[in-house]
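Numbering (the UniProt record's numbering), first residue to last: 1 to 134. Where a beta carbon is used, it is the ideal one built from N, C-alpha and C, also for glycine. All of these numbers come straight from a predicted model, not from anything done at the bench. Written out below as structure tokens is the structure these notes cover.
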Amino acid sequence: MTALDDRQPRCSPNERRVCLILIVVGLALIGFFGFRAIRSHIRLAHTSLNPETADIEAIRGWMTVPYIAKAYNVPEDYLFTALNIPAAENRKRSLFRIHHLYHFSEKGKIIEIVKAAIQQYRQTLPPQPGPSNE
Numbered sequence: 001m002t003a004l005d006d007r008q009p010r011c012s013p014n015e016r017r018v019c020l021i022l023i024v025v026g027l028a029l030i031g032f033f034g035f036r037a038i039r040s041h042i043r044l045a046h047t048s049l050n051p052e053t054a055d056i057e058a059i060r061g062w063m064t065v066p067y068i069a070k071a072y073n074v075p076e077d078y079l080f081t082a083l084n085i086p087a088a089e090n091r092k093r094s095l096f097r098i099h100h101l102y103h104f105s106e107k108g109k110i111i112e113i114v115k116a117a118i119q120q121y122r123q124t125l126p127p128q129p130g131p132s133n134e
């Protein structure tokens, strides 16, 4: 007998099963969240964020007012005025958080107010000069 034959196995069969199960669960989680990340990236790539033509239906509760203002080319103060809330302490808060702090009447109401404000602001802008057909 050699010294290798006298060695005890490092892991019991149960420990090996647990280790294998944890690896499989870990790989499944990586696959699941990786798929979701890729799907989100593809959706975002198809969402136009050209400030003049960005689709207001893409506004979500996680967004902040400054983020929306920049993405949709609308002054922050215009949006805060439309929401009738002070700008100073709400710049870093999401629409979802603002909704709960200021008790907007119904779910999604704050997003509807922001969408309406963006549409109203876009209507007040003069038309952008396009390429001439001369």
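Beta-bridge pairing of residue i - partner residues as DSSP gives them
i      : result
Thr-64 : Ser-94
Residue j beta carbon less than 9 angstroms from that of residue i
i       : j       : result
Ala-82  : Ala-116 : yes
Leu-95  : Thr-64  : yes
Ile-110 : Gly-61  : yes
Arg-91  : Leu-101 : no
Glu-76  : Pro-86  : no
Leu-79  : Val-114 : yes
Residue i - containing alpha helix (DSSP H), residue span
i       : result
Ala-117 : 109–124
Phe-80  : 76–83
Residue i at chain C interface by Cβ criterion, 9 angstroms
i      : result
Ile-56 : In summary, chain C is missing from the structure at hand, where a single protein chain is found.
> Do the segment 27–38 and the segment 63–72 make contact, defined as three or more Cβ pairs closer than 8 angstroms?
Replying inline: no
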